[in-house]
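Heads up: the sequence shown is residues -27 to -1, 1 to 440, going by mature numbering (1 follows the signal peptide of the UniProt record, and there is no 0). Just so you know, even glycine gets a beta-carbon here, dropped at the ideal spot from N, CA and C. Everything numeric in this text was worked out from a predicted model, so none of it was measured. Working notes, beginning with the structure itself.
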Amino acid sequence: MNYNKITLILVLFIVSLLTGTSQTTNNDEDHGHTHYKNYSDVIDHKLIFPSEVPDRIIINLTTDPSHSFAVNWRTEQSVDSAYVEIALETHGPELRLPGVAKSILASTEFFENENIRDNEPLVKAAYHSTVVNNLQPGKTYVYRVGYGAPNASTWSEWFQIKMPNENKDESFSFIYFGDAQNDVKSMWSRVIRKSYKMVPNVDFMLHAGDLINHSESNREWGEWFYAGGYIHATVPSVMTPGNHEYSNGQLSKLWKPQFNLPENGPEFENMETYYSIEYQNMNLISFDAEHFDEHPNTRKQATAWLESVLSKNKSKWTTIFLHLPIFSTAKGRDNTELRNALKPLIDKYKVDLVLQGHDHTYARGHESNEENGKTVISDVGTIYTVSVSGPKMYESQDQEWMVRRGEFTQLFQVITVNENSIKYQAFTPLGSLYDSFELQKDDKGNKKLINGENELFLRLKQDFLKK
């Protein structure tokens, strides 16, 4: 074979390689999305990018929780209209028969965001939301979200939801989570899943802020929704934002599109971060502590709104949940301005529980704790708790108000509310009881605290790290 033939063969070989590469690239472009080398993994891609099939499905409590629920989900922008189908639960597949399920058109919002900080790609999504009204208290419903023919793959599966009864004296339970924030898919998934496994009939879940670490990170929000999976679509949630849902004083642009929370907060905001819900015999109040901290010009209005809600409260029990603690637990932290504004109202209106996060430690107690160490305490005031559900951990400082504290421990709290008592239990992902108490209240408003026996000794971070 002469030199010219060898040269020709090499040229043809190189051309064929280039042509093949070009065709592969064109085929990738035909997929309808760009491939990013940092997000080529299939799981990462699904965490970030929407498709025709609904994802990030979540239900939220409304101000009328016995008769309605709110639902949100996400698709790609080719889906410009979507629906909720709902029916009473059945013993068999008859819910699929014509005329059984009711169809509700959702509101649709096109949304784009690009998290340059974390080198995430531009994400274009359609967010769909609606409130399903006129439901029967105490009944179990099934619903699904999507669009298309009845058997199309563009529908979600059917989810169950049980409506609470109207009887205000009937007991209910909810699960309270402190910060998930970091390594959510890896380390928080087991926490929320264990909580649901232990209390499958829980009525709702409550998140005290810092659900994620970077407010605009689509990947982190994807991890949070992935961790909860169908739980988010089955058990209603309420959440208040933390400092990591904010950036430069602004609430995450993803907050309102992906949640559907009450809008009965102060007149200066419609962010769905300050709100109140009457659930059975409890008034549940979300106070946006991070907004309060970063916007001094609205503090008086926020405080006035809280007092208005508390002064009109007719429920037997009152719970406030916020991100920044009234009494900080982590070393070197103190939210003086928040405490000076809110604590007089908490005392005046005899709030029962204040549920908080932020400090990445655990603590539970009450302000006047001279009876520290006793099992039963009469005439107790407000119970304050700080908790953490994710893996990020700080060290705490022991204080007089604390009855129980801990570090380096991921926790979830199961709170059961009855007519005359609240039972509180803090569990680890192993299901071990770390803290517990019962708060009793008579018809005159007098409260008694009964501290429970726990399964674990005090856990401190220093005991687990090599020196």
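Three-state secondary structure assigned by DSSP to residue i
i: residue 300; result: coil
i: residue 295; result: coil
i: residue 178; result: strand
i: residue -6; result: The pLDDT assigned to residue -6 is 41, lower than 50, so where the model puts this residue is not dependable; a value taken from the coordinates is nonetheless given after this. Note: residue -6 maps to helix in three-state DSSP.
i: residue 383; result: coil
i: residue 56; result: strand
i: residue 353; result: coil
i: residue 274; result: helix
i: residue 314; result: helix
i: residue 265; result: helix
i: residue 20; result: helix
i: residue 309; result: helix
i: residue 45; result: strand
i: residue 431; result: coil
i: residue 290; result: strand
i: residue 320; result: helix
i: residue 407; result: strand
i: residue 365; result: coil
i: residue 282; result: helix
i: residue 128; result: strand
i: residue 152; result: strand
i: residue 371; result: coil
i: residue 185; result: coil
i: residue 437; result: coil
i: residue 158; result: helix
Local Cβ density within 10 Å of residue i, reported as buried at 16 or more and exposed below that
i: residue 246; result: buried
i: residue 408; result: buried
i: residue 13; result: Note that residue 13 has pLDDT 48, beneath the 50 cutoff, so the model's placement of it is unreliable and the number below is only indicative. It counts as exposed.
i: residue 315; result: buried
i: residue 371; result: exposed
i: residue 331; result: buried
i: residue 140; result: exposed
i: residue 186; result: buried
i: residue 78; result: exposed
i: residue 125; result: exposed
i: residue 80; result: exposed
i: residue 435; result: exposed
i: residue 405; result: exposed
i: residue 72; result: exposed
i: residue 438; result: exposed
i: residue 270; result: exposed
i: residue 380; result: buried
i: residue 210; result: buried
i: residue 155; result: buried
Distance CB(residue i)-CB(residue j) smaller than 8 Å
i: residue 47; j: residue 28; result: yes
i: residue 360; j: residue 399; result: yes
i: residue 157; j: residue 402; result: no
i: residue 231; j: residue 92; result: no
i: residue 132; j: residue 207; result: yes
i: residue 248; j: residue 237; result: yes
i: residue 199; j: residue 431; result: no
i: residue 55; j: residue 119; result: yes
i: residue 293; j: residue 311; result: no
i: residue 169; j: residue 204; result: yes
i: residue 443; j: residue 86; result: For residue 443 there is no data in the structure shown, the boundaries of the chain being -27 and 440.
i: residue 117; j: residue 62; result: no
i: residue 328; j: residue 179; result: yes
i: residue 33; j: residue 233; result: yes
i: residue 189; j: residue 220; result: yes
i: residue 83; j: residue 50; result: yes
i: residue 252; j: residue 284; result: no
i: residue 363; j: residue 161; result: yes
i: residue 378; j: residue 336; result: yes
i: residue 41; j: residue 104; result: yes
i: residue 397; j: residue 386; result: yes
i: residue 288; j: residue 254; result: yes
i: residue 217; j: residue 261; result: no
i: residue 376; j: residue 355; result: no
Bridge-paired residues (DSSP) for residue i
i: residue 443; result: Outside the shown range of the chain (-27 to 440) lies residue 443, about which nothing can therefore be said.
i: residue 390; result: 145, 395
i: residue 421; result: 351, 413
i: residue 441; result: One cannot answer for residue 441 here, as it falls past the ends of the chain, which runs -27 to 440.
i: residue 28; result: 47
i: residue 33; result: 43, 210
i: residue 61; result: 114
i: residue 135; result: 113
> Can you list the alpha helix (DSSP H) stretches of 4 or more residues lying completely in the region 197 to 259, in chain order?
Replying inline: 203 to 207, 228 to 231
> Which runs of the beta strand (DSSP E) fall wholly inside the region 67 to 119 and span at least 3 residues, in chain order?
Replying inline: 75 to 78, 80 to 87, 95 to 105, 113 to 119
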